[in-house]
Each structure stands twice: as C-alpha cells, then as structure tokens.
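Remarks on the structure that follows.
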Amino acid sequence: MFSVRASFAAGAAFACAAAVFVIAPAPLRAQAPAVEETPDSIPDFPGREETFYLCVACHSFRVVGRQGMSRERWNQTLDFMTEKHSMAKLEGDDRKQVLDYLEKAYPQEAPRAPGGWVNPFAPK
Ligand code: HEC
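Start counting the sequence shown at 656; every next residue gets the next number (the working numbering).
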C-alpha cells in the first residue's frame, strides 16, 4: 500500500515538473522582439553600424530611438552611459562618429514615438 502511494506521489511530482517545463517556454518566447533588430531597422546615416552595435551590446536600440535630442544632450547621454551604466568610455573619432550619427538620425525636433522617429530624408 505504502509503495503505491509513494509512486503516486512521485508520479504527481513528475507531472508537475513536466507541466512547468512545458509551460515555461511560452512566456519566454512572448518577450522576444517581434522583429529582430538589425542596423537596417534604424535610419541610414554614416556611423550607423558602429552606433548600433555599440548601444545594443546592453539594450534594445528602441531605448535610443525613442529619444530626440540635441548633440549636447546626446553627448551628456554618452557620459551618463559611462558613469551610471559602465559603458566603455567613448573618445576621439569614435565618439564624434557616434554623436554625428545620433544628431542626424535622432535630432532634438524629433517627436517622441514608440518605435522611434524615422527621418523622412533617410535613404530607403
Ligand atoms: C554598458 C552598457 C550600456 C551601453 C554600451 C549603452 N547603454 Fe544606454 N543604458 C544602459 C542601461 C543599463 C540603461 C537603463 C536601463 C534601460 O533603460 O534599459 C540605459 C538606458 C539608456 C537610455 C534611456 C535613458 C532614459 O533616461 O530613459 C538611453 C537614451 C541610452 N541608454 C542611450 C544609449 C546610447 C545612445 C548608447 C550607445 C552609444 C548606449 N546607451 C549604450 C546601459 C548601456
């Protein structure tokens, strides 16, 4: 009698574990972005690839693209990434290239919109 109960308990435990295993992947999949981000998904200006890969090392480019800022504010944002989020310090030509890109692609006057502003003059 005891052994029947024990094996029932073991079976129930196994069923629970199996249920968790089967259910768990669904929410994980739901979190994945619907469209994979690539440099092609952001406006095409010089420095696009460099800026894209630098920033997506830590977060989605949507975090960047929903902002529209002056060059000065972008400059401060780079310092902020370094000071607060330990981004490698960006200097010299590398910094200039990234700022040139951000200023052109996501300028101050850009309205904030989910998914980011798309420059109408960006080559398609
Ligand atoms: C070393 C990691 C790291 C790198 C590299 C990085 N960031 Fe960030 N950034 C973060 C973290 C962490 C946050 C805050 C959490 C979040 O919003 O995902 C953040 C948030 C932001 C925000 C939102 C700030 C706010 O107040 O809403 C902007 C804008 C931003 N990053 C711009 C950039 C740009 C532009 C680059 C590339 C030049 C970049 N980040 C590269 C770590 C990084």
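Cβ atoms here follow ideal geometry from the backbone N, Cα and C, with glycine treated the same way. What you are looking at is a predicted structure, and each value in this text was computed from that prediction instead of being measured.
Pair within 8 Å by beta-carbon distance, residue i and residue j
i, j, result
"residue 697", "residue 743", "no"
"residue 724", "residue 752", "no"
"residue 729", "residue 754", "yes"
Near the ligand HEC: residue i beta-carbon under 7 Å from a heavy atom
i, result
"residue 731", "no"
"residue 639", "Residue coverage of the chain in this structure runs from 656 to 779, which leaves residue 639 outside it and unanswerable."
"residue 722", "yes"
"residue 741", "yes"
"residue 706", "yes"
Residue closest to residue i, alpha-carbon to alpha-carbon, out of the options
i, options, result
"residue 726", "695, 712, 756, 777", "756"
"residue 717", "739, 737, 694, 702", "694"
"residue 741", "704, 733, 699", "733"
Extent of the continuous alpha helix (DSSP H) to which residue i belongs
i, result
"residue 717", "716-720"
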